[in-house]
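Peer 1: One line per chain: the protein sequences are D and U, in this order.
full-length UniProt numbering puts the first residue of the first sequence at 1, with every later residue one more than the last.
full-length UniProt numbering puts the first residue of the second sequence at 1, with every later residue one more than the last.
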Amino acid sequence: MNWGSASEFFAMGGYGFYVWGSFGVTAAALLIEALLARKRLSDTRRLLRRELAADRDNQD
Amino acid sequence: MSQRLINWFKFASPASFYPLAGTLWPWFAGLASVLCAVGLWISFFVAPTDFQQGEGYRIIFIHVPASWMSMFIYCVMAFWAAIGITFNTRLSGMMSSALAPTGALFAFLSLWTGALWGKPMWGAWWVWDARLTSELILFFLYIGYIALTSAIDDPRRADKAGAIVALVGVINVPIIYFSVKWWNTLHQGASVSMTKAPTMATTMLWGMLIMALAFWMYSIAIALYRVRAIILERERHATWVAELPEMQR
């Protein structure tokens, strides 16, 4: 085990800003990318459902 | 006999790839989460403190995997570009466009984590070094691919133009890889190489490899997920799209 306490863990031996800046931005970036991909698929589905419904209404 | 061979071209059709990608992506996402948890555990709790760089070296556990992925994804894009130009398959262009944002993201993360590592160790966020500059060019190639393909309205023509960028730009990948050998650079040499034993502690190496696998699985999952949206956008007028269960209400 490398860390005696939680504060030691967050301090990262004085490199806290650099280490957490790297891991934090990476985690945030991957999370945001996943959310954006999910939004893109659900937006496309919603749009297509609306288009298809409009087509069906026109045919009736 | 021919009945028993898998017809790979069957999966080149967006109509059959859409449900296949839908089945596959959760498995890759699950693998990515598990590998990420194990990789982070090793990165922070198993791998020892570096005798030269202290705890600052731990950035390696995302810097190296992100850099590898940025180069590897570009090669996969070039592969799909070559397939698309050779066989004129629609799905290959869709795969390239699904991969580009993730590749760009990893190239950015490689530069970002590199800057945060460079500052405490070299005293500079950025230097115009061969390794850093060629990685920056890779990032611009991704941005160029995305900008070019989204500026052309006809998707098939956009794919063709993008494929040329992907194929010409792939020459940059070996340049990045060998830059630390060819030029006298500030960036350290390869930590892991095919020809000699790794120059680092075994637990550090394992942490890095597991994080790399986690990023790899994440990339596959997100590309499969994004390609489904791209397929729907492009095939919106096809009958099979109208017949999908999620299109009924």
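Using N, Cα and C, we set each Cβ at its ideal position, and we do this for glycine too.
Are residue 206 of chain U and residue 42 of chain U close, meaning C-beta to C-beta below 9 Å?
Peer 2: Yes, the Cβ-Cβ distance between residue 206 of chain U and residue 42 of chain U is below 9 Å.
Peer 1: How far does the alpha helix (DSSP H) with residue 59 of chain D in it reach, from first residue to last?
Peer 2: It spans 16-59 - the alpha helix (DSSP H) in which residue 59 of chain D sits, taken as one unbroken run.
Peer 1: Within 10 angstroms of the Cβ of residue 1 of chain U, are there 16 or more other Cβ atoms? Answer buried if so, exposed if not.
Peer 2: Here the model assigns residue 1 of chain U a pLDDT of 46, short of 50, so the residue's position is not dependable and the matter cannot be decided.
Peer 1: Measuring alpha carbon to alpha carbon, tell me which residue in D/41, D/52, D/56, D/3 is nearest residue 227 of chain U.
Peer 2: Among D/41, D/52, D/56, D/3, the Cα nearest to that of residue 227 of chain U belongs to D/41.
Peer 1: When you compare only the Cα positions, how much space is there between residue 98 of chain U and residue 209 of chain U?
Peer 2: Taking the straight line joining both Cα atoms gives about 25 Å.
Peer 1: Verify the CB distance criterion: does residue 34 of chain D have a CB-CB separation below 9 Å to chain U?
Peer 2: Yes, its Cβ sits closer than 9 Å to a Cβ of chain U.
Peer 1: Shorter than 9 Å from the beta carbon of residue 44 of chain U to some beta carbon of chain D?
Peer 2: By this cut-off, residue 44 of chain U is an interface position.
Peer 1: Would you mind listing the alpha helix (DSSP H) stretches within the stretch 156-232 of chain U that are 4+ residues and don't spill past its ends, in chain order?
Peer 2: With a minimum length of 4 residues, the continuous alpha helix (DSSP H) runs that stay inside the stretch 156-232 of chain U are 172-182.
Peer 1: Report the rounded CA-to-CA distance for residue 223 of chain U versus residue 37 of chain D, giving the unit in angstroms.
Peer 2: Rounded to whole angstroms, residue 223 of chain U to residue 37 of chain D spans 9 Å at the Cα level.
Peer 1: Starting from the beta carbon of residue 37 of chain D, find every residue of chain U whose beta carbon is closer than 8 Å, and list them in chain order.
Peer 2: In chain order: 222, 225, 226, 229.
Peer 1: Say whether the stretch 233-248 of chain U touches the stretch 48-63 of chain U, bearing in mind that this needs 3 or more beta-carbon pairs closer than 8 Å, one atom from each stretch.
Peer 2: No, the stretch 233-248 of chain U does not touch the stretch 48-63 of chain U.
Peer 1: On the three-state DSSP scale, how would you describe residue 4 of chain D?
Peer 2: Three-state result, residue 4 of chain D: coil.
Peer 1: Between the C-alpha atoms of residue 139 of chain U and residue 45 of chain D, what's the straight-line distance to the nearest angstrom?
Peer 2: Near 31 Å, if we compare the C-alpha coordinates of residue 45 of chain D and residue 139 of chain U.
Peer 1: Does residue 47 of chain D pass the burial test, meaning 16 or more other C-beta atoms within 10 Å, or should it be called exposed?
Peer 2: Per the 10 Å Cβ criterion, exposed.
Peer 1: Quick one: does residue 29 of chain D have its CB under 9 Å from some CB of chain U?
Peer 2: Closer than 9 Å: yes.
Peer 1: In terms of residues, what are the limits of the alpha helix (DSSP H) holding residue 114 of chain U?
Peer 2: Here the alpha helix (DSSP H) through residue 114 of chain U covers 90-122.
Peer 1: With distances taken Cα to Cα, identify the nearest neighbour of residue 34 of chain D among U/242, U/177, U/127, U/221.
Peer 2: Residue U/221 is the option with its Cα nearest to residue 34 of chain D.
Peer 1: Run through the DSSP bridge pairs and tell me what residue 54 of chain U is partnered with.
Peer 2: Looking at the DSSP assignment, residue 54 of chain U forms a beta bridge with U/50.
Peer 1: Does the beta-carbon distance from residue 158 of chain U to residue 103 of chain U come in below 9 Å?
Peer 2: It is not a contact, given that the beta carbons lie outside the stated cut-off.
Peer 1: Of all Cβ atoms in chain U, is any one closer than 9 Å to the Cβ of residue 21 of chain D?
Peer 2: With 9 Å as the cut-off, residue 21 of chain D counts as an interface residue toward chain U.
Peer 1: Express the C-alpha separation of residue 55 of chain D and residue 37 of chain U in angstroms, rounding to a whole number.
Peer 2: C-alpha separation (whole angstroms): 47 Å.
Peer 1: Which residues in chain U sit within 9 Å of residue 49 of chain D, going by Cβ to Cβ distance?
Peer 2: Result: 246, 247, 248, 249.
Peer 1: I need the straight-line Cα distance from residue 21 of chain D to residue 248 of chain U, nearest angstrom please.
Peer 2: Each residue's Cα considered, the two are about 45 Å apart.
Peer 1: Measuring CA to CA, which of D/15, D/27, D/25 is closest to residue 121 of chain U?
Peer 2: Among D/15, D/27, D/25, the Cα nearest to that of residue 121 of chain U is on D/15.
Peer 1: Less than 9 Å between CB atoms is the rule here; does residue 99 of chain U satisfy it with respect to chain D?
Peer 2: Judged by the 9 Å Cβ criterion, residue 99 of chain U is not in contact with chain D.
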